[in-house]
Amino acid sequence: MTPGSNLPLNAVRVTVDVAAPVRLDVSALLLTADGKVRSDADFIFFNQPTGPGVGYRSGGGASPDSITVDTGALPPGIERIVVTASPDAAGQTFQGIEPTATVRNADGGAVIAAFTPPQLGTETALVVVEIYLRGGVWKVRAVGQGYANGLAGIATDFGVSVEEEPAPPQAVAPPAAPVAPAPPAPPAPPAAPASYPASPWLGGPVIDAGL
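Take 20 as the starting number for the sequence shown in the numbering used here and just add one per residue.
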């Protein structure tokens, strides 16, 4: 398949696996006609592996993750299932990686279609293919739309509430040591008594005490 091309599905149950030289996380979103999920329960991935008509299977080892879609079991109102992939290693891009999505009959394993998105670079997540309802017929379309903001960017675009990790708490400066109050100033010494003026000499006779 080439980007934008589509094929009718010849099976009610199909499996989509996405293989690459590195480990990929694969997920799916169930969308209504307006291109949004009904709730976060419509986001199917390793932490929420089952939904109505859609299931996730971890490949493990060298086997790729896969999404199985049972078009006969999808709830009313669901018209698209997008299949996404992102490198398992944090911060890794698709630079130099060529993921290939293979759509198979889930009951017999026969290959229905395969698609390798071209010219990937700084993308950290990818809508690989979508299974959609058109004129009463379920089809598969090759998409290959990349996102630079990871799986969270895809999920947000389709209406999933993504909780951001809280920022680490800022270091709090220790309280300043209490400052001891200054000791009270000593009381001022009493004022010196005023000097009395010497008594004036009246010029009288001097009495000799020895007499």
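Note that CB positions come from ideal geometry on N, CA and C, so glycine has one too.
- In this structure, the beta-carbon distance from V148 to V162 falls below 8 Å.
- Closest in C-alpha terms to Q67, from the list K55, L48, A38 and P22, comes L48.
- In terms of CA proximity to N168, P106 leads the group P106, K158 and R123.
- Under the DSSP assignment, G74 falls in the beta strand (DSSP E) whose first and last residues are V73 to R76.
- By the criterion of a C-beta distance shorter than 8 Å, K55 is surrounded in its chain by F177 and G178, once the five residues flanking it on both sides are discounted.
- Linking G80 to S58 through their CA atoms gives a straight-line distance of about 32 Å.
- Put simply, of P94, T112 and L28 the residue whose alpha carbon is nearest the alpha carbon of R123 is L28.
- Residue environment for R153: exposed (fewer than 16 other C-beta atoms within 10 angstroms of its C-beta).
- Judged by DSSP secondary structure, L170 falls within the alpha helix (DSSP H) whose first and last residues are G169 to D176.
- The C-beta distance from L93 to G115 rounds to 36 Å, too long to fall under 8 Å, and the pair is not in contact.
- Annotation for G163: the continuous beta strand (DSSP E) segment containing it runs V156 to Y166.
- Looking from the CA of Q164, the closest CA among A104, A108 and F64 belongs to A104.
- For A60, the three-state secondary structure derived from DSSP is helix.
- Of the residues assessed, A144 falls on the buried side of the cut-off, its CB having 16 or more other CB atoms within 10 angstroms.
- With contacts defined as CB atoms closer than 8 Å, F65 and Y75 qualify as a contacting pair.
- A Cβ-Cβ distance of about 14 Å is found for the pair V101 and V33, leaving them out of contact under the 8 Å criterion.
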